[in-house]
Amino acid sequence: MSTKRVLRCVCEGAVFVAMALVLSYIKIPIGMSFGGFGGSIDLVMIPLVLFAVRWGLGWGLGAGLIFGALKYFFAAGFAVNWQSMVLDYSVAYMAVGFAGLFKNRKWGLVSGGLVGCLVRFAVHFVSGITIYAQYMPEEFMNLTMTNTWIYSLLYNSTYMLPNTVIVIVAGAALSHPLRKYIKREDLAA
Numbered sequence: 046m047s048t049k050r051v052l053r054c055v056c057e058g059a060v061f062v063a064m065a066l067v068l069s070y071i072k073i074p075i076g077m078s079f080g081g082f083g084g085s086i087d088l089v090m091i092p093l094v095l096f097a098v099r100w101g102l103g104w105g106l107g108a109g110l111i112f113g114a115l116k117y118f119f120a121a122g123f124a125v126n127w128q129s130m131v132l133d134y135s136v137a138y139m140a141v142g143f144a145g146l147f148k149n150r151k152w153g154l155v156s157g158g159l160v161g162c163l164v165r166f167a168v169h170f171v172s173g174i175t176i177y178a179q180y181m182p183e184e185f186m187n188l189t190m191t192n193t194w195i196y197s198l199l200y201n202s203t204y205m206l207p208n209t210v211i212v213i214v215a216g217a218a219l220s221h222p223l224r225k226y227i228k229r230e231d232l233a234a
């Protein structure tokens, strides 16, 4: 990649991370209403997925990692320890960068969004069965909780499922109008 393209990519990455950070302040908190620690419905993954699908896996992972760290420090992040800070913010949002696997693919925003959301969900799920297992309530969603795997699955689904739907719908809506941008046809040869 030429120096000019690298500079363009870094600048776009900064803009998309900034957009995601601004969008992180517009949210519907879900986790707290279920007696948990966090999780919200928001639009932050849309710019991260768009950037990853445009520039690819490596750049997408990097943008997600930077966004996750910034979100923790500037958007009222919550963590019970340093491991949950790293896993639930930096690593989880870095996982959204897996959308970059669908660079230059038809319906890349939709497929990439789905994959990015699923990998992010997997990170939160692992965090739930390891770090947050000690906080599992006796009852959750009117169900008796005896298995941390089920608790983590249910808890993280309360906010990741709506977020996934939002990303997929936005990806489908933006795929056609932004097709030249996503395929990087706007860049000089």
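In case it helps, the working numbering puts the sequence shown at residues 46 to 234.
C-beta: ideal position from N, C-alpha, C; glycine also.
- Task: Count the other CB atoms, across all protein chains shown, that sit within 10 Å of the CB of Asn201; report buried if there are 16 or more and exposed otherwise.
- Result: buried
- Complete runs of the beta strand (DSSP E) confined to the segment 57 to 93 [at least 3 residues]: 72 to 74, 85 to 87
- Would a C-beta distance cut-off of 8 Å place Ala10 and Gly158 closer than the cut-off? No answer is possible for residue 10: it lies beyond the span of the chain, which begins at 46 and ends at 234.
- Task: Could you tell me if the beta carbon of Ser135 falls within a distance shorter than 7 Å of some heavy atom in the ligand MN?
- Result: Of the ligands one can find in the structure shown there are none, so the ligand MN has no counterpart to examine.
- Query: Under a Cβ-count criterion, where at least 16 other Cβ atoms within 10 Å of its own Cβ denotes burial, should Phe71 be classed as buried or exposed?
  - Reply: In the sequence as presented, Phe is not what sits at residue 71; that position holds Ile. Looking at its Cβ environment, which holds fewer than 16 other Cβ atoms inside 10 Å, Ile71 is exposed.
- Query: Is the number of C-beta pairs between the segment 180 to 187 and the segment 161 to 169 that are closer than 8 Å three or more?
  - Reply: Contact between the segment 180 to 187 and the segment 161 to 169 is absent, because fewer than three Cβ pairs lie under 8 Å.
- What runs of the alpha helix (DSSP H), each 4 residues or longer, lie entirely inside the segment 132 to 190? DSSP runs (the alpha helix (DSSP H)) wholly in the segment 132 to 190: 137 to 140, 153 to 175.
- Task: Determine the closest residue to Gly142 out of Gly161, Tyr134, Leu68, with distance taken between C-alpha atoms.
- Result: Gly161
- Query: Is Val212 helix, strand or coil by DSSP?
  - Reply: helix
- Classify Trp127 as buried or exposed, calling it buried when 16 or more other Cβ atoms lie within 10 Å of its own Cβ. Looking at its Cβ environment, which holds fewer than 16 other Cβ atoms inside 10 Å, Trp127 is exposed.
- Start and end residues, alpha helix (DSSP H) containing Arg224: 224 to 227
- Query: Within this structure, are the beta carbons of Val98 and Phe61 separated by less than 8 Å?
  - Reply: In this structure, Phe61 does not lie closer than 8 Å to Val98 by Cβ.
- Where Val51 falls, given that 16 or more other Cβ within 10 Å makes a residue buried: exposed
- Task: Report the three-state DSSP secondary structure of Gly103 (helix, strand or coil).
- Result: helix
- Query: Using the C-alpha atoms, what's the distance from Gly83 back to Ala124?
  - Reply: 9 Å
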